[in-house]
Amino acid sequence: MSKTGKIFLAALAFAIACLLPMIMGDEPYIIHIFIMSFYIGSISMAWNILGGMTGQLSLGHATFMGLGAYLTATLVIKADVSPWIGMAASFLVVGLMAAVIFYPCFVLRGPYFTLATIAFGETFRNLLMNWPYVGQGQGLLMPFGDDDFWAMRFLSKMPYYYMSLFMLIGISLAVWRLDRSKWGYAFKTIREDEDTAAAIGVDIARYKLYATFLSAGFTAVAGAFYSQYLRFIDPEIMMTVFSVEFVLPAIIGGISFVAGPLVGAILIIPLSEFLRAHFAGVVSGINIIVYAVILILVIFLKPSGLLGWLREWSDKRRLTRVPEKGGGHA
Amino acid sequence: MRKSWLLAVVPLFMVSLARSGAEPIRVGGVYPLTGDVAAIGQNIKRGIDFAVEEINAKGGVLGRPVEMIWGDTQGDPKIGMSEAERLITRSNVSCLLGAYQSAVTEVVSQVAERYRTPFLTAISTANVLTTRGYRYFFRLAPTNMAFLKSMMQFVSDYNQKELGGKLKTAAIVADNTLLGQETKEWGEYWCKELGFDVINVVLYMRGAPDLTSEVLSLKASNPDILIADNYISDCILLTKTMGEQNFRPNIVIGKATGFIDPTYIPNVGSLSNGIATALEWAPDMSNGAETNAAFRKVYNIDMNGHSANAYTATWVLKTAIEQAGAPDKEKIRQALRDITITKKFPNGPDIILPYDEIAFVDVDINGIRHTNINYNAITTVAQIQNGQYITIWPFEKTTNKVIYPAPMR
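From first to last, the protein sequence lines are chains G and S.
Heads up, the first sequence is in this note's numbering, so the first residue is 27 and it goes up one at a time.
Heads up, the second sequence is in this note's numbering, so the first residue is 1090 and it goes up one at a time.
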């Protein structure tokens, strides 16, 4: 696809996304599915900075998300600080925390790094589970009250819809910019071959630090959103299964594509909702089986994801096309 | 003769009336039908399905059949939110029954409040749930506080009556979720009230792959009484590990949860022998014997505390809808506030739980305001004796003997 085509497509998608709730009217359940897709898409996008671009497969992102959620919720409850500030604080604090804690782990490669991220997650979950100040296992419930923009509290789902949409767009734009920047090239060089990257002068630890900071920071912002949308959090939101939930859209969409997590989230979250709504009441569990089979098939048949498959298909078509009059293009 | 003919035809006629023309009254059920506690979710579902069949066989509610619409929470709060919203806004249910894990119930109760939909929980026991001041959330189940009170009262009564007060020390083992932490809190509270020393508290991660070090810690402290509260998979692991490590306290008392799961005894076998557990209901109780016989015919399994509570909750909703006069959410809420059911549901079965009156009231417990709770709810205590739950407490309601010390083999 040409560049203008891509921009046109993106603009069209944006316009549809903005107008959708108005066209659909009062459909809170459908809006909720969109919010969940945008939310999981945002985290998957953020995960992809570390996992896809830099090649460091993390299963600790539920923890970054949980830390962002906890930081924001604690600020709201204990200090009456606006969640908007909490969101910004989450980005910086959780990003820095992750970068500092993971710094010694950057020498670990492949599955060893992944194991370290799991251990990191379990450690923090245990900590919060046993820390009376943040409610231990009882979790934190956001205060009630009337709609209040500053307190990020709305009865309607519309504000949350736009918040999650703009969060997704913001993170996507950042990742898209990053992809073409010096940092992005350094990340990708590290992914392809760490030794070569080091040999040509890429400071590996430094760039892994940047990637971790950005990835964890953006994830924490989404976590802050989660805490204000569900209005109740407990340490179980940091379970490793939720980390897997964040990784899946990226893998399904295509791990090496900027838009991969986005495409993945927008396809598989509604898919799993649809399957559950239609089949769970009939034979329970069948929805999960069908969902799992679809995921296995995609991963098994197309490890490069849906976008990888799309690219192959369009490359093949371009290569086999008979040159048009006046000569084709290269 | 003629009368019996009529008796057979009238219900049939009513059923056909209910089934044919009338639009069903829809009730939502949000439970973990899949995932690690699916066995419990399915068991709850059986209790509700059974009640709904009884209700519809008797002509339904207000001449209309009841239809259950199910939502599967998978034990995830955000899926619970999504399912509750689907049931309320898409399936137009008049009221909700639900959730098992208290974190899910917490989120669903917020959703119900937002859409002004009556939401009755039959199972969730976490104390905090009813302290939010919600108007549409009702709890039939006893609170954790009531569970621990019943459990420790049993131990104390038995200690006084049979053992001359020789039991002195207690240990608590639970997971560190909301539920486990409340068990710790109220376990310590009631131990203190009744004069037991809590010498060890072990809280572990839910779903832990291994509990050996936890069990060794408990064994080292050598308590007279072990108070346990565990979800089913942890519960099985705990029991097996206790067997392996030869840790057999004289009294083991569980807080229902995993100990009354239908898969518990089959999985641990004779290791469960002598373990006592708080119980909302047991097959050998005089209440509900007929209901259980009918239930057993359909599902080939006895009712347990979960299915009995779920069954009762369904009848409570049915009665409330009837008293409301229409499946209108606001009227149902008011009816639930006003309802008092004594001994027997109008035009329905006896109350099968170990108490005689159901009503939802606001009360202060230990200085904290609770709203819409069924304050009369208590539990009995049963002991697993050769693979059967045998009710052993309150003493005045049973003649069964307690096996002491618990053999656990």
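From the three backbone atoms N, C-alpha and C, an ideal C-beta is built for every residue, glycine too.
Treat the numbers as computed from the prediction; the structure is a model and nothing was measured.
For the 8 angstroms CB-CB criterion, Thr1258 of chain S and Pro1231 of chain S do not form a contact.
In this structure Ser1180 of chain S is not in contact with Gly1253 of chain S, their Cβ atoms being roughly 59 angstroms apart against a cut-off of 8 angstroms. As a beta-bridge residue in DSSP terms, Thr1210 of chain S pairs with S:Arg1228. Distance from the CA of Ile61 of chain G to the CA of Asp205 of chain G, rounded to the nearest whole angstrom, comes to 25 angstroms. Look at Lys1167 of chain S: its C-beta is under 8 angstroms from a C-beta on chain G.
Going by DSSP, Ile1340 of chain S is part of the beta strand (DSSP E) stretching over 1340-1343. Nearest CB-CB separation between Leu85 of chain G and chain S: not below the 8 angstroms threshold. Your pair Ile1441 of chain S and Gly1377 of chain S checks out as a contact, with CB atoms roughly 3 angstroms apart and the cut at 8 angstroms. Secondary-structure assignment with DSSP links Cys1184 of chain S through a beta bridge to S:Val1116. Within a 10 Å sphere around the beta-carbon of Thr30 of chain G sit fewer than 16 other beta-carbons, which makes this residue exposed. Chain G places a beta carbon closer than 8 angstroms to that of Asp1161 of chain S, counting this residue as a contact.
Annotation: Cβ neighbours of His58 of chain G in chain S (cutoff 8 angstroms, chain order): Met1170, Ser1171, Glu1174. When S:Glu1172, S:Met1234, S:Ser1302, S:Met1294 are compared, the shortest CA-CA separation from Leu154 of chain G is found for S:Met1294.
Taken through DSSP and simplified to helix, strand or coil, Gly1253 of chain S comes out as coil. Contact note: Met1294 of chain S reaches chain G through Asn152, using a C-beta cutoff of 7 angstroms and chain order. With the rule of 3 Cβ pairs closer than 8 angstroms, the region 317-332 of chain G counts as touching the region 263-281 of chain G.
Excluding residues up to 5 positions away in sequence, Tyr1293, Asp1323, Leu1326, Leu1327, Thr1330 lie with their Cβ nearer than 8 angstroms to the Cβ of Leu1300 of chain S in the same chain. For chain G, the residues of the region 1196-1217 of chain S that bring a beta carbon within less than 7 angstroms of one of its beta carbons are Val1196, Gln1199, Arg1203, Val1217, in chain order. Close partners of Ala1192 of chain S in chain G (Cβ separation under 8 angstroms): Gly165, Phe258, Asp260, Glu262. Considering only S:Asn1362, S:Trp1482, S:Lys1420, S:Pro1416, the residue with the shortest C-alpha distance to Asn1475 of chain S is S:Asn1362. Where Glu1333 of chain S is concerned, there is no enclosing beta strand (DSSP E), although the alpha helix (DSSP H) around it starts and stops at 1321-1333. Taking C-beta atoms under 8 angstroms as the contact rule, Ser253 of chain G and Ala177 of chain G fail to qualify, at a distance of about 12 angstroms.
Collapsing the DSSP output to three states places Trp1159 of chain S in a strand. For Tyr211 of chain G, no CB of chain S lies under 8 angstroms from its own CB, so it is not counted at the interface with that chain. Ranking G:Ile292, G:Ala223, G:Gly286, G:Leu199 by CA distance to the CA of Gly77 of chain G puts G:Gly286 first. Shown here, Arg179 of chain G sits in a strand according to DSSP, grouped into three states. Take Asn1248 of chain S, set aside five residues on each side of it, and the residues of its chain with a beta-carbon closer than 8 angstroms to its own are Gly1254, Lys1255, Leu1256, in chain order.
With a contact defined as Cβ atoms closer than 8 angstroms, Phe251 of chain G and Tyr65 of chain G qualify at about 6 angstroms.
Under the DSSP assignment, Glu1446 of chain S falls in the beta strand (DSSP E) whose first and last residues are 1446-1448. Take the alpha-carbon of Val1405 of chain S and the one of Val1387 of chain S: they are about 22 angstroms apart. DSSP, reduced to helix, strand and coil, places Phe192 of chain G within a helical segment of the structure shown.
Leu1237 of chain S sits away from Thr1210 of chain S, with the two beta carbons spaced by 8 angstroms or more. Asn1265, Thr1266, Leu1267, Gly1269, Gln1270: these are the residues of the region 1258-1286 of chain S whose beta carbon lies less than 7 angstroms from some beta carbon of chain G, given in chain order. With contacts defined by Cβ atoms closer than 8 angstroms, Ala1365 of chain S and Ala1235 of chain S do not form a contacting pair.
Taking CB atoms only, Leu1122 of chain S has a neighbour in chain G less than 8 angstroms away. About 5 angstroms separates the CB atoms of Leu1267 of chain S and Ser1191 of chain S; that is less than 8 angstroms, so the two are in contact.
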